[in-house]
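Numbering (the working numbering), first residue to last: 36 to 256.
If you want it as structure tokens, here you go:
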């Protein structure tokens, strides 16, 4: 198996074989996800792969699957910010400010789970800072180009599946990017995202246009 990114490698080979994951089942579609507990907080250890437009009408035109992974089995789905927050009823998204709280925002997560807000991602970084190189702790043990694979010691298992911009995909092998539930400074065009990069060794956060497509991790309430 190649250590660099290759879409032909099944996701089962990317998870840490030495880590004991938990599991959760999304009752909406029966999909089963690995989970990990970090400092008492339960995180999904893989990206959300929910795509039922009959349940979440906001997914129409606001969600993508990579052409190399049409069923989302490896990368999950790539959502716009508004699709991830499930904001159709609030008429907000790119160019519109959402008057919703980012605290325990369910969005498109399963019942009893929520999209982590920026503060929760910051807390994650603070927690693992004491354990060593935080980028390596979060990255999967294989799949990161330029020999920048992680230890995945905490079972977060971030795959470098990149992002979607304008319907095209970029950054596989180099970036893992996730939406947060927190809007950017003006709230109209941007949302906060969390990213892991192997180009500058970063595990950090910033703001991006709400129309970009990013994977989602959910946190248990």
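For each residue, glycine too, the CB sits at the ideal point set by N, CA and C. Only a predicted model underlies this, so the values are computations on that prediction, with no experimental measurement involved.
- Here DSSP, grouped into helix, strand and coil, assigns residue 139 to coil.
- Within the same chain, 81, 108, 109 and 194 come within 8 Å of residue 46 by CB-CB distance, once the 5 residues on both sides are set aside.
- In terms of CA proximity to residue 144, 86 leads the group 181, 188 and 86.
- Between residue 58 and residue 191, the C-beta gap is not smaller than 8 Å, which leaves the two residues out of contact.
- DSSP links residue 239 through a beta bridge to 230.
- Per the coordinates, the alpha-carbon of residue 40 lies some 8 Å from the alpha-carbon of residue 196.
- Between residue 156 and residue 204, the CB-CB gap reaches or exceeds 8 Å.
- Taking 8 Å as the cut-off, the beta carbon of residue 202 is found no closer than this to the beta carbon of residue 113.
- Each residue's CA atom was taken as its position, placing residue 139 and residue 208 some 31 Å apart.
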